[in-house]
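Just so we're aligned, residue 15 is where the sequence shown starts under the working numbering, counting upward by one. The C-beta atom is built at its ideal place from N, Cα and C for all residues, glycine as well. Here is the structure we will look at, set down as structure tokens.
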Amino acid sequence: MTTIRADEIYNIIRERIEQYNREVKIVNTGTVLQVGDGIARIHGLDEVMAGELVKFEEGTIGIALNLESNNVGVVLMGDGLMIQEGSSVKATGRIAQIPVSEAYLGRVINALAKPIDGRGEISASEFRLIESPAPGIISRRSVYEPLQTGLIAIDSMIPIGRGQRE
Numbered sequence: 015m016t017t018i019r020a021d022e023i024y025n026i027i028r029e030r031i032e033q034y035n036r037e038v039k040i041v042n043t044g045t046v047l048q049v050g051d052g053i054a055r056i057h058g059l060d061e062v063m064a065g066e067l068v069k070f071e072e073g074t075i076g077i078a079l080n081l082e083s084n085n086v087g088v089v090l091m092g093d094g095l096m097i098q099e100g101s102s103v104k105a106t107g108r109i110a111q112i113p114v115s116e117a118y119l120g121r122v123i124n125a126l127a128k129p130i131d132g133r134g135e136i137s138a139s140e141f142r143l144i145e146s147p148a149p150g151i152i153s154r155r156s157v158y159e160p161l162q163t164g165l166i167a168i169d170s171m172i173p174i175g176r177g178q179r180e
């Protein structure tokens, strides 16, 4: 039978206490109340921001848009077929943004800026918020070229300029 001295026990306990990770991670979570037609109603995301990305437990991403007192309306950025009532949702703390670069010109992407044209990944080092104000009218290039829709009623009554923002 081996004997353990008090100072050995003290050193082991002290070492374990020093190795203890005191970091606390606070996660804003909620529960799906209902889901359908690309919208999910979530209860419990009290600290979510308008435009914040949320992640459902099955992996679908959504954007919190309709903030009400007792629930949050989230637009789904996927089919959401596996989301069920009662499943959990976590706020990411990130406002919805997309990568921007010249490499996106001529590419086909989905709503989350992921390429779907089969030509590989797109590299971008800069990001922009989805909900950002348009440049002022003075700093924009003037609209001088018409955009033909092909519908005579629209083209004659409501002229649209190529590159027009508002």
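Annotation for R142: the continuous beta strand (DSSP E) segment containing it runs E140 to L143.
Here A105 carries a strand assignment [DSSP, helix/strand/coil].
Going by DSSP, R28 is part of the alpha helix (DSSP H) stretching over A20 to Q33. Cβ contact annotation for G177 (same chain, cutoff 6 Å, sequence separation greater than five): V157, in chain order. The segment 52 to 82 contains, as complete beta strand (DSSP E) runs of 3+ residues, the segments 53 to 57, 66 to 70 and 75 to 81 (chain order).
Between S146 and the set Y118, L126, R155 and I109, the nearest pair of CA atoms involves I109.
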